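Novice: Residue 3 is where the sequence shown starts when you use the numbering used here, and the numbers rise one by one after that. Just so you know, even glycine gets a beta-carbon here, dropped at the ideal spot from N, CA and C. This one's a predicted model, so the numbers in the text were calculated from it and none came from an experiment.
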Amino acid sequence: MLIDHLGRKIEYLRISVTDRCNFKCIYCFLSQNWKWLPHSEILRFEEIETIVREATKFGIRRIRLTGGEPLLRKNIEFLIERLNKISGITDLSLTTNGFFLEEMGEKLKSAGIKRINISLDTLNRKKFEKLTGISAFEKVLKGIDIALDLGFNPVKINVVVIRGFNDDEILDLAKLTLEKPLEVRFIEFMPIGKNHIWNEGNVVTVKEIKSILEKFEKLNSTSSFGGGPAKMFKWKDAIGKIGLISPISEHFCDKCNRLRITPDGKLRPCLFSDYEINLKPILREGEGTLESAFFSALKFKPARHPLNFTLRPMIAIGG
Ligand code: SAM
Ligand code: SF4
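#1: Where do the ends of the beta strand (DSSP E) carrying Ser2 lie?
#2: Does the ligand SAM have a heavy atom nearer than 6 Å to the CB of Ile189?
#3: Compute the Euclidean distance between the alpha carbons of Arg286 and Ser18, then round it to the nearest angstrom.
#4: What does the alpha-carbon distance come out to for the pair Arg314 and Phe101?
#5: So, helix, strand or coil for Thr97, using DSSP?
#6: Using a Cβ-Cβ cut-off of 6 Å (strictly less than) and excluding sequence neighbours within five positions of Glu43, which residues of its own chain qualify?
#7: Counting C-beta neighbours from all protein chains within 10 Å, is the total for Gly242 16 or more, i.e. buried, or is it exposed?
#8: Helix, strand or coil for Lys144? Go by DSSP, reduced to three states.
#9: Looking at the unbroken beta strand (DSSP E) that takes in Leu67, where does it start and where does it end?
#10: CB of Val157 to nearest heavy atom of the ligand SAM: below 6 Å?
#11: Around the Cβ of Gly203, are there at least 16 other Cβ atoms within 10 angstroms (buried) or fewer (exposed)?
#12: Between Phe139, Arg260 and Ile28, which has its C-alpha nearest Phe274's C-alpha?
#13: Can you list, in chain order, the stretches of the beta strand (DSSP E) that have 3 or more residues and sit fully within the segment 193-272?
#14: Could you spell out the range, first to last residue, of the alpha helix (DSSP H) harbouring Phe47?
#15: Flag Phe130 as yes when its Cβ comes closer than 6 Å to any non-hydrogen atom of the ligand SF4, and as no otherwise.
#16: Out of Pro193, Val206, Trp200 and Lys182, point me to the one whose CA is closest to Glu171's CA.
#17: Excluding the 5 residues flanking Gly61 on each side, which residues of the same chain have their C-beta closer than 6 Å to its C-beta?
#18: Please state the DSSP three-state secondary structure of Ile306.
#19: Measure the beta-carbon distance from Leu85 to Leu94 and round it to whole angstroms, keeping in mind my assumption that it falls under 8 Å.
#20: Among all the DSSP beta bridges, which residues are the ones paired with Ser121?
#21: Can you tell me the Cα-Cα spacing of Asn201 and Ile211, whole angstroms?
#22: Mind checking if His253 is an interface residue toward chain B, Cβ cutoff 7 Å exclusive?
#23: Could you give the DSSP three-state label for Lys11: helix, strand or coil?
#24: Relative to the ligand SF4, what is the chain-ordered list of residues with a Cβ closer than 7 Å to any of its non-hydrogen atoms?
#25: Could you give the distance in angstroms between the alpha-carbon of Asn99 and the alpha-carbon of Val161?
#26: With respect to the alpha helix (DSSP H) encompassing Arg84, which residues constitute its N-terminal and C-terminal limits?
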């Protein structure tokens, strides 16, 4: 089993299936450095399936597909179907910008995705366009409703809070939980990549977010599916829940239960560290074993993440 020297049990794998995206979110895309990976460098479906099959032998139970935008990966539903058949995997989820849910939601559901996270940082169309570089606000809102109608459960909304950009919308975004059975999760802005727009001043801490929300009404603690780093709350009459995720102000490294795989097949023990183990030579040339790669990744999981900029932008890691 994947248990490190700090007793952290690793059972969750986030797999990024592409570094490409149809959005250009200002905090993630960071266009100045990144060149799209060539197709030959990106893991093929069979390779991802081999990794997951093998990883279940060491205790991986939960998989999240992400990107870039995972729904841009051609025939992603075929990969989902294959992963869904692997015994040992008890949870298969996806993080998306929501753009393609209208067209693809049903396919994803029947392929085996049970729950879904959708990113939405603002309820203002103009701001949405400024943030993402694309005119797709209504389409994403529709995608959220379709995800609910199709019965994905839970449907979580990821909000990255940036001071001076969307901190004035915290309450309005949280109020979505009064009307819809959503989990709205506020995430502190992280300095991933050569992030020229990040500075400590524009991080809005979860403490600050909570106090804004409690001015409206006291929050009651509650739980979320599968644990995870979010502290969960609920307003008394709300049908949805509110999550607060604090990678910056309150580390949750001692509870970290995950490893990541980048689209080009690098096993990454920590989001904030550029230490990576290349799985492609194992998969393509038979050099070494996946087992030894996973167990060495464990050794390189830091006790606490350093708060530094990383070489890879978020779009090429997978959030
Ligand atoms: N394209 C999909 C999406 O946007 O949901 C999946 C990939 S995206 C990299 C995954 C998540 O990472 C999104 O919720 C996004 O908001 C978040 N993210 C990206 N850059 C971030 C940053 N610098 N700080 C905090 N969260 C970030
Ligand atoms: Fe694309 Fe998601 Fe990054 Fe936005 S956050 S640029 S949608 S990968």
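Specialist: If we stick to the structure as given:
#1: This structure does not reach residue 2, given that the chain is present from 3 up to 321, and the question cannot be answered.
#2: The count along the sequence shown starts at 1 and reaches residue 189 at position 187. Indeed, a heavy atom of the ligand SAM lies less than 6 Å from the Cβ.
#3: On the sequence shown, residue 286 is found 284 positions in, with the first residue counted as 1. On the sequence shown, residue 18 is found 16 positions in, with the first residue counted as 1. Roughly 19 Å separates the two Cα atoms.
#4: Within the sequence shown, the letter at position 312 stands for residue 314. Within the sequence shown, the letter at position 99 stands for residue 101. Rounded to whole angstroms, Arg314 and Phe101 show a C-alpha spacing of 24 Å.
#5: Here residue 97 refers to the residue found at position 95 when the sequence shown is read from its first residue. Correct three-state label for Thr97: strand.
#6: As a position in the sequence shown, residue 43 is number 41, starting the count at 1. Within the same chain, Cβ atoms closer than 6 Å to the Cβ of Glu43 are found at Asp266, the five residues on either side in sequence being excluded.
#7: Indexing the sequence shown from 1 puts residue 242 at position 240. Classification for Gly242: buried.
#8: In the sequence shown, residue 144 corresponds to position 142, counting from 1. Of the three classes helix, strand and coil, the one that applies to Lys144 here is helix, per DSSP.
#9: Here residue 67 corresponds to residue number 65 of the sequence shown, with the count starting at 1. Per DSSP, Leu67 belongs to the beta strand (DSSP E) from Arg64 to Thr68.
#10: Here residue 157 refers to the residue found at position 155 when the sequence shown is read from its first residue. Incorrect: Val157 has no Cβ contact closer than 6 Å to the ligand SAM.
#11: Against the sequence shown, residue 203 aligns to sequence position 201. Burial call: exposed.
#12: Residue numbering aside, residue 274 sits at position 272 when the sequence shown is read from its first letter. Of the listed residues, the one whose Cα sits closest to Phe274 is Arg260.
#13: Counting only runs of 3 or more, we get 222-224, 233-236, 243-247, 260-263 and 268-270.
#14: To locate residue 47, count along the sequence shown from 1; it is residue 45. Taken as a continuous stretch (DSSP letters only), the alpha helix (DSSP H) holding Phe47 covers Phe47 to Thr58.
#15: Indexing the sequence shown from 1 puts residue 130 at position 128. Checking every heavy atom of the ligand SF4 against the Cβ of Phe130, none is found closer than 6 Å.
#16: Looking up residue 171 in the sequence shown gives position 169. It is Val206.
#17: Position 59 of the sequence shown, counting from 1, holds the residue named residue 61. The answer, listed in chain order, is Met3, Leu4 and Glu13.
#18: Within the sequence shown, numbered from 1, the residue matching residue 306 stands at position 304. Reading the sequence as shown, one finds Arg at residue 306 and not Ile. In this structure, Arg306 counts as coil in the three-state DSSP scheme.
#19: Here residue 85 refers to the residue found at position 83 when the sequence shown is read from its first residue. Here residue 94 refers to the residue found at position 92 when the sequence shown is read from its first residue. About 6 Å; that satisfies the 8 Å criterion.
#20: Numbered from 1 along the sequence shown, position 119 holds the residue referred to as residue 121. Beta-bridge pairing links Ser121 to Asn160.
#21: In the sequence shown, counting from the first residue as 1, residue 201 sits at position 199. In the sequence shown, counting from the first residue as 1, residue 211 sits at position 209. When rounded, the distance between both Cα atoms is 18 Å.
#22: This model lacks chain B altogether, as it is built from one protein chain only.
#23: The residue you call residue 11 lines up with position 9 of the sequence shown. In the structure shown, Lys11 sits in a strand (DSSP, three-state: E or B).
#24: Neighbourhood of the ligand SF4, defined by CB distance below 7 Å to any of its heavy atoms: Cys23, Phe25, Lys26, Cys27, Cys30, Phe31, Gly69, Gly70, Glu71, Asn99, Ser121, Thr134, Met316, Ile317 and Gly321, in chain order.
#25: For the purposes of this step, residue 99 is identified with residue 97 of the sequence shown, where counting begins at 1. For the purposes of this step, residue 161 is identified with residue 159 of the sequence shown, where counting begins at 1. Val161 has its alpha-carbon roughly 11 Å from the corresponding atom of Asn99.
#26: Here residue 84 refers to the residue found at position 82 of the sequence shown. First-last of the alpha helix (DSSP H) with Arg84: Ile78 to Asn86.
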